[in-house]
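Notes for the one structure printed next.
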Amino acid sequence: MDTEHRVILNVGGIRHETYTHVLKKIPATRLSRLTPNLANYDPVLNEYFFDRHPGVFSMILNYYRTGKLHYPTNVCGPLFEEELEFWGLDANQVEPCCWMTYTQHRDTQDTLAVIESLDLDGDPPTQEEIAKKFGWEDDYYTGNMSHWQRLKPRVWALFDEPWSSKYARVISFISVAFILASTCSFILKTDPSFQIPDIDVFYSLRVVDEGGFKNYHKTIGTDKPLTSPHPYFFYVDLICNIWFTIELLIRSLFCPSFHKFVRSPLTIIDVVSTGAFFFESVLHAILIQTGSLVTLDFLSNDLCAQLIRSLFCPSFHKFVRSPLTIIDVVSTGAFFFESVLHAILIQTGSLVTLDFLSMICVLRLFKLTQHFSGLKILIQTFKASAQELFLLVFFVILAIVIFAALVYYAERSQLNRENQFTSIPLGLWWSLVTISTVGFGDMVPKTYLGMLVGSLCALMGVLTIALPVPVIVSNFSNLYSHSQARAKLPKKRRRVLQAHEVKPTLLGVKQHHGKHRKKSSSATFNQPPATFKNANGGPPLHENASSKLMA
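For the sequence shown, full-length UniProt numbering assigns the number 1 to the initial residue and increments by one for each residue that follows.
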């Protein structure tokens with residue numbers, strides 16, 4: 001080859017030599033458009049200088065030579081992407097053998113973003129971060145924050161950020177104590193040793209129509225066990241729910257965004273569980289203490305008209321805020337509430353079916369995720385493993401149906417007077433218990449063919465459940481290891497200043513006319529102070545300020 005077509009590239013202090021036709025193989029890239037007119041061309045050394053990563057450039061130059069782009073394992077993925085972007089290359093051209101290794105940094109970045117959203121470190125945010133969170137950036141930068149704007153984040157931190165201060169820790173401890181007390185009360189009040197005789201709660205109801213009103217009268221029944229929870233449990237639940245109500249009101253008043261707050265799953269759990277307690281208490285007070293429930297028969301139930309109006313209204317938001325619409329919704333809801341209550345109390349004749357409302361208080365245990373980072377990671381693990389869990393449920397349901405049908409027909413294939421599989425729905429229960437490797441033993445196949453089906457069902461259960469478990473464990477280990485590594489990072493990191501190139505401005509050479517003309521051997525430059533980028537995202541720093549900072 002002629003030496004005139006040879007190109008010398010100095011990348012990060014390392015010289016590379018190649019030919020022009022090699023760089024022309026991949027058009028529309030930085031290396032394919034090299035000309036001596038570029039600013040980074042040195043005519044003295046006859047080379048092009050690029051202050052870039054030399055190790056990555058070796059792989060890039062090899063891509064021009066061979067047409068195959070490999071990923072160097074000794075560099076970070078984002079750095080490799082930046083270098084490819086600088087040289088004008090497409091990251092999708094990475095070879096399949098390196099693609100899995102190359103894309104690992106993307107999974108790592110996604111994991112770090114998830115951990116960042118969980119707020120596991122517990123460090124108190126800065127005033128600027130608080131202002132951005134509440135949407136008060138302009139008032140913060142201008143210094144015009146009101147007393148309410150200063151008070152609101154502090155109160156919110158007391159109830160939502162347990163590690164922000166010692167007072168927040170105290171409130172967090174009180175909240176956890178009330179959650180545990182409410183849950184323990186729900187569990188212990190069902191124990192016979194904590195119940196007392198009470199004949200008033202066992203009754204049947206009869207309906208008396210008195211001039212347009214329905215009166216539900218209570219009569220004593222004798223077919224129920226005459227016990228009820230001790231009244232102290234009600235007072236414990238009442239105190240706990242008063243605290244939960246106060247906490248909910250304070251959080252709703254001082255939250256950064258009310259729309260996000262009401263859509264939060266923890267808020268929905270709080271509202272439903274607290275509302276269920278008061279709803280159940282009111283029903284008991286009406287139906288047990290007074291013994292009757294009076295409802296009006298003139299409540300509107302024109303549901304079809306309301307649906308048609310809501311579908312064809314000019315503005316749905318104005319429609320739902322209309323007083324007439326609110327009246328319609330309340331009256332129609334009251335009608336259906338009356339119907340459901342009538343079905344429960346008249347058909348069953350007891351209030352026991354309403355006790356399931358107290359079970360909702362157990363959902364408050366999910367609020368403990370605010371106080372324990374491990375629970376946050378566990379919940380996030382299930383979210384990350386949602387696809388694997390869905391496949392697990394799908395294959396388990398498929399196996400349950402198949403083996404339920406197989407064992408049903410297998411037991412009927414031979415004469416068997418002790419056949420317990422009288423229908424496929426009963427076989428569904430047996431196959432579920434067998435696949436989950438629980439095996440209650442309440443239903444067992446008696447024939448040899450049925451035993452063979454049972455053996456295959458148990459074996460399939462072990463394989464089906466065991467396969468997705470390593471994936472879930474891997475997701476948890478990945479999240480946990482990254483969270484632990486992030487927790488060990490230094491809280492305050494050294495600021496890195498990146499200098500911008502500032503080209504000097506030529507003012508010219510001062511020349512004096514006459515015999516005493518002064519000869520100047522060099523030009524005079526007026527160079528402004530260099531500016532630096534602030535690594536923390538602040539305003540640019542000048543040379544004087546940066547020198548003081550480095551000192």
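Think of the CB as a built atom: it goes at the ideal place given N, C-alpha and C, for glycine as much as any other residue.
CB contact check: residue i to chain B, cutoff 8 Å
i	result
Glu83	Note that chain B does not occur in the displayed structure, where there is just one protein chain.
Cutoff 8 Å; reference residue i; Cβ partners in own chain excluding five residues on either side
i	result
Pro192	Thr227
Phe233	Ser185, Leu188, Lys189, Phe194
Thr35	Tyr41
Backbone CA spacing between residue i and residue j [nearest angstrom]
i	j	result
His5	Glu17	11 Å
Ile60	Leu84	8 Å
Thr73	Ile268	47 Å
Val22	Tyr64	6 Å
Asn478	Ser281	46 Å
Asn92	Pro265	39 Å
Ala177	Ser146	35 Å
His259	Pro425	45 Å
Asn46	Trp136	56 Å
Lys25	Gly88	13 Å
Lys166	Phe159	12 Å
Thr126	Lys133	11 Å
Met100	Thr66	21 Å
Tyr235	Ser436	41 Å
Asp90	Cys98	15 Å
Pro445	Ala485	53 Å
Asn416	Thr447	8 Å
Asn40	Phe50	7 Å
Trp430	Gly374	36 Å
Lys503	Phe80	Only weak support exists for where Lys503 lies, its pLDDT of 48 falling under 50; the coordinates are left without a value.
Ser315	Ile327	18 Å
Leu188	Val438	27 Å
Gln104	Ala276	47 Å
Glu128	Pro256	14 Å
Leu112	Tyr480	11 Å
Leu238	His284	14 Å
Thr108	Leu324	54 Å
residue 556	Thr29	Nothing can be reported for residue 556: it is not among the residues displayed for the chain, which extend from 1 to 551.
Member of the options whose CA lies at the smallest distance from the CA of residue i
i	options	result
Leu467	Ser385, Phe194, Gln484, Ala410	Ser385
Val407	Leu449, Val329, His105, Ile26	Leu449
His371	Ile171, Cys97, Leu23, Ala91	Ile171
Ile379	Val114, Ser182, Leu188	Val114
Phe382	Val469, Met443, Ile327	Val469
Leu164	Pro231, Thr434, Ile130	First, the amino acid is wrong: residue 164 is Ser here, not Leu. Cα-wise, what sits closest to Ser164 is Ile130.
Phe440	Leu432, Lys446, Thr447	Leu432
Asn195	His230, Ala181, Arg169, Ile179	With the sequence shown as reference, residue 195 is identified as Gln, and Asn is not the correct amino acid for it. Nearest C-alpha to Gln195: His230.
Leu31	Val444, Glu418, Ile8, His105	Ile8
Leu391	Thr464, Phe80, Val362, Asn419	Thr464
Arg150	Phe254, Tyr102, Ile187, Asp107	Phe254
Leu389	Phe319, Asn475, Arg321	Asn475
Val396	Ile377, Cys457, Phe86	Cys457
Asn62	Val401, Tyr19, Cys361	Tyr19
Sequence-distant residues of the same chain with beta carbon closer than 7 Å to residue i, five excluded per side
i	result
Pro14	Looking at the sequence shown, residue 14 is not Pro but Ile. Excluding residues within five positions, the ones whose Cβ falls inside 7 Å are Pro54.
Glu95	Lys68, Leu69, His70
Thr274	Asn241, Phe244, Thr245, Leu248
Leu363	Ile269, Ser273
Glu418	Lys446
Val471	Ser385, Glu388
Glu161	Ala168
Residue environment, residue i, which counts as buried when at least 16 other CB atoms sit within 10 Å
i	result
Ala157	buried
Arg33	exposed
Glu411	buried
Phe394	exposed
Val11	buried
Ile174	exposed
Val262	exposed
Ser413	exposed
Gly454	buried
Gly461	buried
Val473	exposed
Thr434	buried
Phe57	buried
Beta-ladder partner(s) of residue i, from DSSP
i	result
Arg6	Tyr19
Ile196	Ser228
Asp42	Glu47
Leu79	DSSP, once it has assigned bridges, lists no residue as partnering Leu79.
Leu11	Here residue 11 is Val; the residue named in the question, Leu, does not match the sequence. Ile14, Phe50, per the DSSP bridge assignment.
Leu69	Val94
Beta-carbon proximity list for residue i, same chain, < 6 Å, skipping 5 on both sides
i	result
Val155	Phe254
Gly427	Ala404, Val407, Tyr408, Phe421
His516	Its pLDDT being 43, under 50, His516 is placed unreliably in this model, and the coordinates cannot settle the point.
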